[in-house]
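Shown next, in structure tokens, is the structure this report addresses.
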Amino acid sequence: MKKHLYEITVKHLTDNHGNPSTYTEPVKFEVQNHDDIFKVIAKSQEKSALPEESIIPFAVGLKLFGEVMLENKDNPLFAEFAPHFGDFMKKLKGKS
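Residue 77 in the numbering used here sits at position 77 of the sequence shown, with consecutive numbering throughout.
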């Protein structure tokens, strides 16, 4: 299956006290995903029950996490959680 390729950048701006970051370099990596994350974001913005400022971080984080689970489905780390994640995704997509 061909996947979409993304570049993710995380830049630390301030610490939890509002002080400027001491990290000088952002974390940057490429990652593949079977879904078009931009379409997922758009669909989430249309029908999400979350506050507007939470929609994009939620959608991106969920798609990144979900892809790691799919790629490592036989890893015991995910054994107990995977069925619950599947149920959650069905509910989120309105299929339950």
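By construction, the Cβ of each residue, glycine as well, lies at the ideal position given by its N, Cα and C atoms.
- The residue from V31, S21 and K47 with its alpha-carbon nearest to that of G61 is V31.
- Excluding the 5 residues flanking it on each side, E67 has same chain C-beta neighbours closer than 6 Å at N33, in chain order.
- A distance below 9 Å separates the beta carbons of S48 and F58.
- For the pair T9 and K28, the CB atoms are nearer than the 9 Å cut-off.
- With 16 or more other Cβ atoms inside 10 Å of its own Cβ, K63 counts as buried.
- Here DSSP, grouped into helix, strand and coil, assigns P51 to coil.
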